[in-house]
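Numbering (this note's numbering), first residue to last: 126 to 195.
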Amino acid sequence: MKVDKEKNISRLEIIIHEGKNRQVRKMCESLGKKVKALHRTKIGKIDVKNLKIGEWRYLTNKEVMELAKM
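Put into structure tokens, the structure is as follows:
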């Protein structure tokens, strides 16, 4: 998504459908890259990109029903 050649860092968007323990970090490590930070934007169909760090909200009834289907 974005490369800063001066700082030697890149920003990526990775979409996985089932996350295993430290999966993204291990995938990047296998390519010889170190992950400095991760930011989750979705959990299932629930969008959390507008929540600030440490912020939370109640799930809607529709979101609860979607999670129950999983």
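Built from N, CA and C at the ideal position, the CB exists for glycine as well.
request  = Tell me whether Val-189 sits in a helix, a strand or coil according to DSSP, three-state version.
outcome  = Taking the sequence shown and counting its residues from 1, the one referred to as residue 189 is at position 64. It is helical.
inquiry  = On the DSSP letters alone, give me the boundaries of the alpha helix (DSSP H) that Arg-150 sits inside.
reply    = Along the sequence shown, read from residue 1 onward, the residue named residue 150 stands at position 25. Going by DSSP, Arg-150 is part of the alpha helix (DSSP H) stretching over 148-155.
ask   = With a Cβ-Cβ cutoff of 8 angstroms, do Val-160 and Thr-166 count as a contact?
value = The residue given as residue 160 occupies position 35 in the sequence shown. The residue given as residue 166 occupies position 41 in the sequence shown. Not a contact, by the Cβ cut-off of 8 angstroms.
message = Taking the straight line between their C-alpha atoms, what separation do you get for Leu-163 and Ile-134?
response = For this step, residue 163 is matched to residue 38 along the sequence shown. For this step, residue 134 is matched to residue 9 along the sequence shown. Leu-163 and Ile-134: Cα-Cα distance of roughly 13 angstroms.
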